[in-house]
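S.K.:
Residue numbers (this note's numbering): 6 to 216.
#1: Under 7 Å Cβ to Cβ from residue 198, same chain only, skipping five residues before and after it: list those, please.
#2: Which residues share a DSSP beta bridge with residue 87?
#3: Which one of 11, 78, 68, 72 has the shortest CA to CA distance from residue 27?
#4: For residue 91 and residue 38, what's the separation of their Cα atoms in angstroms?
#5: What is the DSSP secondary structure of residue 95, counted as helix, strand or coil?
#6: How about residue 103 and residue 120: do their beta carbons lie closer than 8 Å?
#7: Below 7 Å CB to CB, which residues in the same chain sit around residue 179 once its five sequence neighbours on both sides are set aside?
#8: Please name the residue, chosen from 97, 93, 151, that lies closest to residue 114 on a Cα-to-Cα basis.
#9: Anyone know if the C-beta pair for residue 72 and residue 83 falls short of 8 Å?
#10: Spatial neighbours of residue 208 within its chain, please: CB distance less than 7 Å, with the 5 preceding and 5 following residues excluded, ordered by chain position.
#11: For residue 213, which residues in the same chain have their Cβ closer than 8 Å to its Cβ, ignoring the five residues on either side in sequence?
#12: Taking only the alpha-carbon atoms, compute the straight-line gap between residue 18 and residue 47 and give it to the nearest angstrom.
#13: Could you give the first and the last residue of the continuous beta strand (DSSP E) run that contains residue 209?
#14: Helix or strand or just coil, what does DSSP make of residue 104?
#15: If you draw a straight line from the alpha carbon of residue 36 to that of residue 107, how long is it in whole angstroms?
#16: Counting only the same chain and skipping the five closest in sequence on each side, list residues whose C-beta sits under 7 Å from that of residue 109.
#17: Could you spell out the range, first to last residue, of the alpha helix (DSSP H) harbouring residue 114?
#18: How about residue 14 and residue 86: are their beta carbons less than 8 Å apart?
#19: What does the alpha-carbon distance come out to for the pair residue 176 and residue 210?
#20: Please name the residue in 64, 206, 51, 41 whose C-alpha comes closest to that of residue 70.
#21: On the criterion of 16 or more Cβ atoms from any shown chain inside 10 Å, does residue 58 qualify as buried, or is it exposed?
#22: Closer than 7 Å by C-beta to residue 111: which residues in its own chain qualify, once you throw out the five before and the five after it? Chain order, please.
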């Protein structure tokens with residue numbers, strides 16, 4: 006049986022807390038110190054144990070701002086509380102759709118498309134027999150993921166140029182390479198703007214005349 010993401014988060018919070026030797030009171034104190042007093046001992050207990058309401062639903066879920074707070078308090082990236090690679094082989098990225106945890110994490114961070122052929126249900130168009138916009142669930146994925154893809158590409162190129170500029174280079178060659186770096190990074194900045202996004206600035210250390 007594959008756990009829901011809420012179950013996964015609860016289990017990873019408990020395991021990470023135990024690994025750090027923290028009690029629930031300790032974790033609640035850390036969360037309060039970070040400005041989220043709602044994550045009290047009782048709340049953390051309900052999260053970790055999965056206590057149910059009369060209706061059978063979890064008594065306490067984790068809001069996204071609380072997830073970030075818990076991750077900071079537990080000294081772990083938030084994504085690993087949801088998609089614990091190396092600890093779980095599969096997670097239910099969507100209800101009833103178990104997929105490899107590594108693939109789910111890559112989808113979550115915008116590195117790849119949704120890792121399943123699952124077609125969401127929707128009202129069927131009688132003319133085509135296809136459920137609404139679900140004809141192609143991944144249509145428009147690149148546009149939706151553009152901010153993540155572009156920012157990763159930008160900083161990857163920054164690090165690549167920094168690598169090229171390491172070591173001793175003649176001053177004129179260094180300046181030429183910096184100019185080439187700026188040209189490439191400015192081209193990427195234009196891609197950001199085409200998507201209506203604000204691009205990162207070119208780092209000072211790659212600007213000609215700056216060392």
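Yeah, the Cβ is synthetic: ideal placement off N, Cα and C, and Gly gets one too.
In this text the structure is predicted, and so the values were computed from the model without any measurement.
M.R.: This is what the structure gives:
#1: As a working mapping, residue 198 is identified with position 193 in the chain shown. For residue 198, where only same-chain residues beyond five positions count, the Cβ hits under 7 Å are 204.
#2: Sequence index remark: in the chain shown, residue 87 carries index 82 (1-based). Residue 87 pairs with nothing; no bridge assigned.
#3: Translated into positions along the chain shown, residue 27 becomes position 22. Distances from the CA of residue 27 to each of 11, 78, 68, 72 were compared; the closest alpha carbon is that of 78.
#4: On the chain shown, position 86 is the one that residue 91 refers to. On the chain shown, position 33 is the one that residue 38 refers to. About 30 Å.
#5: Position 90 of the chain shown, counted from the first residue, corresponds to residue 95. Reduced to three states, the DSSP call for residue 95 is strand.
#6: Residue mapping note: residue 103 aligns to position 98 of the chain shown, counting from 1. Residue mapping note: residue 120 aligns to position 115 of the chain shown, counting from 1. In this structure, residue 103 sits away from residue 120, with a CB-CB distance that is not shorter than 8 Å.
#7: Within the chain shown, numbered from 1, the residue matching residue 179 stands at position 174. Once the five neighbours on either side are set aside, the close Cβ partners of residue 179 are 170.
#8: As a position in the chain shown, residue 114 is number 109, starting the count at 1. Comparing Cα positions, the closest option is 151.
#9: Mapped onto the chain shown, residue 72 falls at position 67. Mapped onto the chain shown, residue 83 falls at position 78. At the C-beta level, residue 72 and residue 83 come within 8 Å of one another.
#10: The count along the chain shown starts at 1 and reaches residue 208 at position 203. Same-chain partners within the cutoff: 163.
#11: As a working mapping, residue 213 is identified with position 208 in the chain shown. 180, 183, 184, 187.
#12: Residue 18 sits at position 13 when you count from the first residue of the chain shown. Residue 47 sits at position 42 when you count from the first residue of the chain shown. Going from the Cα of residue 18 to the Cα of residue 47 covers about 14 Å.
#13: Locating residue 209 in the chain shown gives position 204, where the first residue counts as 1. Unbroken run through residue 209: none, as it is neither H nor E.
#14: Residue mapping note: residue 104 aligns to position 99 of the chain shown, counting from 1. The answer is strand: DSSP assigns residue 104 an E or B state.
#15: For this step, residue 36 is matched to residue 31 along the chain shown. For this step, residue 107 is matched to residue 102 along the chain shown. Computed Cα separation, rounded: 28 Å.
#16: Start at 1 with the first residue of the chain shown, and residue 109 comes out as number 104. So the list reads 88, 96, 98, 120, once near-sequence residues are dropped.
#17: Position 109 of the chain shown, counting from 1, holds the residue named residue 114. Per DSSP, residue 114 lies in no alpha helix (DSSP H) and is assigned neither H nor E.
#18: By 1-based counting over the chain shown, the position of residue 14 is 9. By 1-based counting over the chain shown, the position of residue 86 is 81. Yes, the pair counts as a contact, with Cβ atoms nearer than the cut-off.
#19: In the chain shown, the residue the question calls residue 176 occupies position 171. In the chain shown, the residue the question calls residue 210 occupies position 205. So the two alpha carbons sit approximately 14 Å from each other.
#20: Residue 70 sits at position 65 when you count from the first residue of the chain shown. The shortest Cα separation from residue 70 among 64, 206, 51, 41 belongs to 41.
#21: As a first step, residue 58 must be located in the chain shown, where it is residue number 53. Flag for residue 58 reads exposed.
#22: Working through the chain shown from its first residue, we reach residue 111 at position 106. Around residue 111, the same chain offers 117 as residues with beta carbons nearer than 7 Å, after the five sequence neighbours per side are excluded.
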